[in-house]
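Take 1 as the starting number for the sequence shown in this note's numbering and just add one per residue.
Data first, discussion second: the structure below is written as structure tokens.
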Amino acid sequence: MRRAAGVLLHPSSLPGPFGIGDVGPEATTFVDWLAQAGQTYWQMLPLGPVADSGSPYDSYSAFAGNTLLVAPRLLESEGLLGGPVEGSFDRGSVDFAAVRSFKASLLRNAWRRFEAQRPIEVGLRFEAFCDDPDVREWLDDWTLFAALKDHLAESPWQRWPKSLRARDDGAMASARRDLAAEIGFHRFSQFVFFDQLSALRQAANAQGVRLMGDLAIYVASDSVDVWAAQDIFDLDPTGKPRVVAGVPPDYFSATGQRWGNPLYRWDRLEAGGFDWWTRRLRWCMRQADVVRLDHFRGFAACWEIPTTERTAIKGRWRPGPGVALFETAKRQLGELPLVAEDLGVITSDVTDLRKAVGIPGMRVLQFAFAEPSSDHLPHRVPPDTVVYTGTHDNNTARGWFEAAPEGERQRALDYLGTTPDEIPWGLTRAAFTSVA
1 MRRAAGVLLH PSSLPGPFGI GDVGPEATTF VDWLAQAGQT YWQMLPLGPV ADSGSPYDSY
61 SAFAGNTLLV APRLLESEGL LGGPVEGSFD RGSVDFAAVR SFKASLLRNA WRRFEAQRPI
121 EVGLRFEAFC DDPDVREWLD DWTLFAALKD HLAESPWQRW PKSLRARDDG AMASARRDLA
181 AEIGFHRFSQ FVFFDQLSAL RQAANAQGVR LMGDLAIYVA SDSVDVWAAQ DIFDLDPTGK
241 PRVVAGVPPD YFSATGQRWG NPLYRWDRLE AGGFDWWTRR LRWCMRQADV VRLDHFRGFA
301 ACWEIPTTER TAIKGRWRPG PGVALFETAK RQLGELPLVA EDLGVITSDV TDLRKAVGIP
361 GMRVLQFAFA EPSSDHLPHR VPPDTVVYTG THDNNTARGW FEAAPEGERQ RALDYLGTTP
421 DEIPWGLTRA AFTSVA
């Protein structure tokens with residue numbers, strides 16, 4: 001990666017009248033601004049379909065797209081809505097329930113018009129999407145899962161009838177037949193999302209702006225990924241996680257963090273040539289020019305917590321796949337344009353793995369001033385690093401500074417040689433003057 005700079009902004013935070021940002025005209029305007037500002041990267045959070053929490057890290061699929069980010073204006077321009085559409089949402093926050101209902105209504109309208117009219121150009125793109133080998137690997141499972149969710153009142157798949165939980169051939173065939181119309185709608189919705197995202201990426205690349213994606217290491221228990229590939233996850237006979245992911249107690253939390261995601265059966269994944277993970281990396285790399293790997297330390301070792309525990313205190317370390325996963329992926333995919341999120345308490349095995357894979361790590365300047373000798377201080381940042389003023393997990397630069405203890409604020413002011421009003425620019429200059 002050549003040295004360059006960019007901005008982290010999830011599309012949901014873009015302005016617009018439809019209750020949530022999207023990948024349409026406002027996104028293109030943001031790309032224009034990035035290019036004019038001399039920026040090379042637009043980093044986004046994961047783009048999968050979100051659960052009720054609205055968190056990009058709580059997704060029903062590691063492959064499918066988040067149709068809440070579909071752009072109504074682009075559907076209009078394709079002639080799929082029958083006329084202009086207006087929104088009257090609060091621009092200050094996202095009401096996910098209202099937006100979900102609004103976008104679903106728009107997409108169903110577009111789907112009905114598409115089915116009735118079959119416009120040639122859109123139809124050809126739709127057929128190409130459905131025939132894409134990388135898409136076929138996940139689309140059938142996702143559309144059936146989504147249709148069953150609609151049909152079964154959004155209940156977790158572990159509560160579905162036993163025949164569907166176990167993916168019995170007869171039950172699956174019956175469901176596909178009975179829910180064919182709903183499956184078709186979800187197939188069309190995925191086409192629209194990825195078609196719009198592809199157009200955005202092409203527009204960005206044409207101006208020298210590269211998209212940086214984000215791949216969360218774990219998937220949700222109630223996801224199509226776990227339902228469709230139960231053998232590669234550590235589950236009990238009912239399909240629920242036997243143990244769950246998290247991180248141990250540390251300076252920030254005396255009880256650690258209990259995330260609740262199922263853990264992988266890395267032995268089975270390796271025996272299968274890491275096929276599921278290789279397909280996941282391939283698909284993510286098709287949507288973005290660079291991909292951030294969230295919780296990279298989990299590839300070295302993960303914190304395993306019994307499901308009976310309400311905190312992460314009584315967990316233990318469990319080995320990850322190590323370099324074998326990445327060597328396999330490189331043989332099949334070529335060079336891996338990845339960035340490792342290696343924040344938190346990082347042990348030598350994690351650093352060794354990152355260097356063996358040959359990808360940069362991360363530093364965050366908001367962490368630099370809590371102590372005098374922090375590894376996040378700009379002059380201590382090594383070249384094989386991506387340095388951030390802050391991430392999606394942090395406050396804004398000004399918000400962080402105003403909430404920090406007095407000693408931390410003073411160290412920041414002294415180091416940066418700036419004033420409280422200029423803290424955001426001081427952090428930005430420090431990032432640029434590092435060797436990252």
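From the three backbone atoms N, C-alpha and C, an ideal C-beta is built for every residue, glycine too.
Query                                                                                                                                           : Result
Using a threshold of 8 Å, state whether the C-beta atoms of Thr-28 and Leu-200 are closer than that.                                            : yes
For His-379, count neighbouring Cβ atoms within 10 angstroms of its own Cβ and tell me buried if that reaches 16, exposed if not.               : exposed
Considering only the beta carbon of each residue, do Cys-284 and Leu-215 sit closer than 8 Å?                                                   : yes
Just verifying my parser: in three-state terms, what is the DSSP assignment at Ala-229?                                                         : coil
To the nearest angstrom, how far is it from the Cα of Pro-56 to the Cα of Leu-124?                                                              : 30 Å
May I have a chain-ordered list of the alpha helix (DSSP H) segments no shorter than 4 residues that lie completely inside the segment 327-385? : 348-357
Report the start-end ranges of each alpha helix (DSSP H) in the segment 97-155 that is 4 residues or longer and not cut off at the edges.       : 120-131 and 133-151
Take Val-445 as the anchor and find which of Trp-303, Pro-119, Leu-8 and Phe-194 has the nearest alpha-carbon.                                  : Past the edges of the chain, shown from 1 to 436, lies residue 445, and the structure says nothing about it.
Compare the C-beta of Lys-330 against all C-beta atoms of chain C and say whether one is closer than 8 Å.                                       : You won't find chain C in this structure, because it holds only one protein chain.
From Ala-5 to Gly-213, what distance separates their C-alpha atoms?                                                                             : 15 Å
Counting along the chain, where does the beta strand (DSSP E) carrying Gly-213 start and finish?                                                : 210-215
Rounded to whole angstroms, what's the CA-CA distance from Asp-275 to Leu-269? Just pull it up for me.                                          : 7 Å
Given 8 Å as the limit, is there contact between the segment 153-166 and the segment 95-115, that is, 3 or more CB pairs closer than that?      : no
Go ahead and pull the three-state DSSP assignment for Gln-39.                                                                                   : coil
Can you give the Cα-Cα distance for Asp-375 and His-10, rounded to whole angstroms?                                                             : 27 Å
For the beta strand (DSSP E) containing Arg-292, list its first residue and its last residue.                                                   : 290-293
What residues are listed by DSSP as bridge partners for Ala-436?                                                                                : In the DSSP output, where bridge partners are listed per residue, Ala-436 has none listed.
For the beta strand (DSSP E) that Ala-301 lies in, which residues bound it at each end?                                                         : 301-306
State the DSSP-derived secondary structure class of Gln-207, mapped to helix, strand or coil.                                                   : coil
Are three or more beta carbon pairs between the segment 358-373 and the segment 325-342 nearer than 8 Å?                                        : yes
Tell me the rounded alpha-carbon separation between Trp-111 and Ser-93.                                                                         : 28 Å
Helix, strand or coil, according to DSSP, for Gly-83 in the structure here?                                                                     : coil
My assumption, with CB atoms under 8 Å, is that Pro-249 sits in contact with Thr-255. Please give the rounded CB distance.                      : 6 Å
Taking only three categories from DSSP, how would you classify Ala-450?                                                                         : The chain is shown from 1 up to 436; residue 450 falls before or after that span and cannot be answered.
May I ask you to list the residues that DSSP assigns as paired with Gly-6?                                                                      : Tyr-41
Go through its chain and collect everything with a Cβ distance to Gly-322's Cβ below 8 Å, but skip five positions before and after it.          : Phe-299, Ala-300 and Leu-353
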